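Numbers -17 to 114, taken from the working numbering, label the letters of the sequence shown in order. Every residue gets a Cβ at the ideal spot worked out from N, C-alpha and C, and that includes glycine. Since we're looking at a predicted model, the values are computed, not measured.
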Amino acid sequence: MKRLIAALTIMVCACTEPDKNALLVGTWRTDSVYSYYNGFGFTRRDFEEEPVRHYQPDGQLMMVRGDELRTFLYQVQHGDSLVHRTQDQGLLEKFLIVKLEGDQMVLQKELKPILPGEKQRRYHVRYLSRIK
């Protein structure tokens, strides 16, 4: 009986988790990007060159910057990763979804170290807000 209750509890909790694909659909702008490299970090807030991202329900991603429009594909993997791909399925970039709630999205992208050596960590954390 205890196993049945535990199984039902797990199923109910799993069903109540919001669908990341549905939460992602919409238009997003970058508010800031935090860059980290081996203990040094800084936040950038000047985004004249950052594209606005339009996530479509059909898996299409449109990035718009000024008069320029580029289309890509996107996919949420394992419920915690966001992958952007080129139209021919080539990997463009991959993010860890740190937060995706309502009008806020936080994505972390692991980057390769610039300098040679071991035990290095480099990443960007991108803070986005939904445009209504």
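Residue j beta carbon less than 8 Å from that of residue i
i: Glu75; j: Lys91; result: yes
i: Phe29; j: Thr12; result: yes
i: Arg103; j: Asn20; result: yes
i: Arg67; j: Phe54; result: yes
i: Val7; j: Gln42; result: no
Three-state secondary structure (DSSP) of residue i
i: Leu93; result: coil
i: Glu100; result: coil
i: Lys114; result: coil
C-alpha distance - residue i paired with residue j, whole-angstrom precision
i: Gln59; j: Val65; result: 7 Å
i: Ile79; j: Asp62; result: 5 Å
i: Arg112; j: Tyr56; result: 17 Å
i: Val124; j: Pro98; result: It is not possible to answer for residue 124, since the shown part of the chain is limited to -17 through 114.
i: Arg108; j: Leu89; result: 5 Å
i: Glu83; j: Phe22; result: 28 Å
Hey, is the segment 47 to 56 in contact with the segment 13 to 25, meaning 3+ C-beta pairs nearer than 8 Å? By the C-beta criterion, the segment 47 to 56 is judged not to be in contact with the segment 13 to 25, since fewer than 3 inter-stretch pairs fall below 8 Å.
Quick one: complete beta strand (DSSP E) runs, 3+ long, within the segment -7 to 79? The segment -7 to 79 contains, as complete beta strand (DSSP E) runs of 3+ residues, the segments 8 to 19, 22 to 26, 34 to 37, 42 to 47, 50 to 59 and 63 to 67 (chain order).
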